[in-house]
Amino acid sequence: MARHIESSDCYMKVRFAPSPTGYFHVGGARTAFYNWMLAKNSSGTFVLRIEDTDSERNKEEWVDGICDALSWLGITWDEGPYRQSQRLHLYLNAANELFENGFAYYCLCSRDEIDARNKEAGSTPGYDGFCRDRGLGTDSGGALRFKVPKPGETRFIDLVRGEVVFDHNHIEDFILVKSSGAPLFVLANVVDDIDMEITHVVRAEEHLPNTPKAILVFQALEKQPPTFGHVPVLVNEKRQKLSKRRDRVAVEDYRRQGIIAPAMLNYLALLGWSPKEDREFMTVSEMVDAFDMANVGHSPSFFDEKKLAHFNGVYIRALDNVEFMELSIPFIEQNPWWTGSKEDLEKFMAVAALAKERVSLLAEVSELIRPIFEEELTFDDGALQKEIKDNPNAPKIFEAVIKALSEADPFEAGTIELAVRSCSSFLDIPLRKLQAPIRVATTGTKVGLPLFETWSTLGKSVVLDRLNAQI
RNA sequence: GGCCCCAUCGUCUAGCGGUCUAGGACAUCACCCUCUCACGGUGAAGACACGGGUUCGAACCCCGUUGGGGCUGCCA
1 MARHIESSDC YMKVRFAPSP TGYFHVGGAR TAFYNWMLAK NSSGTFVLRI EDTDSERNKE
61 EWVDGICDAL SWLGITWDEG PYRQSQRLHL YLNAANELFE NGFAYYCLCS RDEIDARNKE
121 AGSTPGYDGF CRDRGLGTDS GGALRFKVPK PGETRFIDLV RGEVVFDHNH IEDFILVKSS
181 GAPLFVLANV VDDIDMEITH VVRAEEHLPN TPKAILVFQA LEKQPPTFGH VPVLVNEKRQ
241 KLSKRRDRVA VEDYRRQGII APAMLNYLAL LGWSPKEDRE FMTVSEMVDA FDMANVGHSP
301 SFFDEKKLAH FNGVYIRALD NVEFMELSIP FIEQNPWWTG SKEDLEKFMA VAALAKERVS
361 LLAEVSELIR PIFEEELTFD DGALQKEIKD NPNAPKIFEA VIKALSEADP FEAGTIELAV
421 RSCSSFLDIP LRKLQAPIRV ATTGTKVGLP LFETWSTLGK SVVLDRLNAQ I
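By UniProt numbering, the letter at position 311 of the first sequence is numbered 311, and the numbering carries on one by one without gaps.
Next up, the structure:
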């Protein structure tokens, strides 16, 4: 589809304006990242604004969750976090101005009354303008509604969709201030965008129908609206918008599983956007340089955990061993066998490169390195049965390996391998068959880190003890 | 229901009128590598929703149909 507008290279002041009503989710993270990239590649400003005007639904802990998650991702804000709950006077001033200038009126209708009237008249849902000309005053105790000019239409150029037109006949006179005196989203949003001099509003597509309302308010306040861009929503496997209630979407969840921040950012950036060259792995600065709203797609994207995990694996493998260990330690600390001692760190270091290649989530590291730390080995019962108890060759394999091993000196991967291979040819059992029982005996499972390196890290006496225990 | 948005392999996408017997990536399968598992390598299978136009020529432009999504709150 032809693009009707190019995103400009000029200074952009953007904002990410989440509402703290639940876990910070991946869709929000993507929106934040897009905004952040726009600010970065225009030498602009990224504002964090917490839209907490709805005191019923907002919780302080969610605000912390948002800030923590953004910080973890490396999405830093130049201004804020502003709190709308602390700026109520600004919205009320604007509301008063709109009322004084005839752009808004007070309304006493309840939803039930409106619905009843619509039903009786056989008309479509939406406010019917009952109080429009009643001349109710500030002291009426009603809600303040914006008087949408009718007939009329509002059109604007959306950065991703091109020109969009809304007929005012389908926009009801929406509420700006509740009867309780609390300002609502559209009002607060617009007033802040004016006050903070936001130049570009990039947000999720679910806000597209709010945009003409916002533009009307900008105009009534005699301000130039910013440029808007609506990015497609993220959907689940059933192609419904990702929901905090229904779907697993919390950034925090992925972090706890061991997704690392750069992998998350890279994956998120590619959901709905792709650079011209169709590249996949990019550093943050490469993404910032390449990012362009003109290349943002138009249709919803499915958040695919499998592909995220693949990206994460690639990023983990690119880590150096020390970084890998530092990032992994929070995930292994909770194990009783991990003490964090110098010896533990040395053992971990010895297998870090091998472990790195075998995980796509940091939460998988524990299981992989557990055999080299545990005093009392935990066994996979199925593997124990199959590879040792039911294996007629097991006794002679143990006997031969124990004997060969005692001569392996120094006890290193190379000498161990020679010893084990000699058993293989001596017993005429292929190495792949021969390694199974001794692997289970010394690590508890049939899959894991390469055996010879594991043994050299474990030390000769531990290995011999574990082998002898199975005879 | 009304309004708006969208439509290329199962998924994320490349493609902006001829270079498309439609490219890449994830997932899947096969083979190779290999001490297990991974990693890596090679290969296979797999898509332009449908119908009309416009055009010498359409995945790309227009219209319609169908399908999906969003919104339709004194939530954001």
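We put the CB at the ideal spot given by N, CA and C, even for glycine.
From a predicted model like this one, the values you see are computed outputs, not experimental measurements.
Legend entry - Glu-6 classed as buried or exposed, judged by whether at least 16 other C-beta atoms fall within 10 angstroms: Because Glu-6 carries a pLDDT of 40, less than 50, the predicted location of this residue cannot be relied on, and the following value inherits that uncertainty. That one is exposed.
Inset, instruction - Taking Thr-138 as the reference, give the member of Ile-157, Val-164, Leu-108 with the closest Cα. - result: From the listed residues Ile-157, Val-164, Leu-108, the smallest Cα separation to Thr-138 is found for Leu-108.
Inset, instruction - Spell out a yes or no on whether the region 212 to 230 and the region 263 to 273 are touching, meaning 3 or more CB-CB pairs, one atom from each, closer than 8 Å. - result: no
Inset, instruction - Work out the CA separation of Leu-136 and Tyr-106 for me, nearest whole Å. - result: 5 Å
Legend entry - 7 Å Cβ shell around Arg-203 - same chain, five flanking residues per side excluded: Thr-31, His-230
Inset, instruction - Taking residue 472 as part of the alpha helix (DSSP H), name the residues at either end of that continuous run. - result: The structure shown does not extend to residue 472, since the chain is modelled only from 1 to 471, so the question has no answer here.
Legend entry - Gln-84, buried or exposed, once every other Cβ within 10 Å from all chains shown has been counted against 16: buried
Legend entry - 7 Å Cβ shell around Ile-75 - same chain, five flanking residues per side excluded: Ala-32, Phe-33, Trp-36
Inset, instruction - Look up Phe-426 in the DSSP assignment and say whether it is helix, strand or coil. - result: helix
Legend entry - Run of the beta strand (DSSP E) containing Arg-57, from where it starts to where it stops: Counting along the chain, Arg-57 falls outside any beta strand (DSSP E), and DSSP gives it neither H nor E.
Inset, instruction - Just mark Asn-312 as buried or exposed, buried being the case when its beta carbon has 16 or more other beta carbons within 10 Å. - result: The residue is buried, with at least 16 neighbouring Cβ atoms inside 10 Å.
Inset, instruction - Within its chain, find whatever has a CB closer than 6 Å to the CB of Met-349; leave out the 5 residues flanking it on each side and keep chain order. - result: none
Legend entry - Same chain, Cβ closer than 6 Å to Ile-175, neighbours up to 5 away in sequence not counted: Ala-143, Arg-145, Leu-184
Inset, instruction - Identify every residue that forms a DSSP beta bridge with Leu-184. - result: Partner(s): none; Leu-184 has no beta bridge.
Legend entry - Span of the beta strand (DSSP E) around Leu-221: It is not in any beta strand (DSSP E) - Leu-221 carries neither H nor E in the DSSP assignment.
Inset, instruction - Find out if the Cβ-Cβ distance for the pair Phe-24, Glu-205 is shorter than 8 Å. - result: no
Inset, instruction - Report the rounded CA-to-CA distance for Asp-52 versus Ala-413, giving the unit in angstroms. - result: 60 Å
Inset, instruction - Apply the 10 Å Cβ neighbour rule to Phe-281 and answer buried if 16 or more other Cβ atoms are within range, or exposed otherwise. - result: exposed
Inset, instruction - Spell out a yes or no on whether the region 450 to 461 and the region 363 to 373 are touching, meaning 3 or more CB-CB pairs, one atom from each, closer than 8 Å. - result: yes
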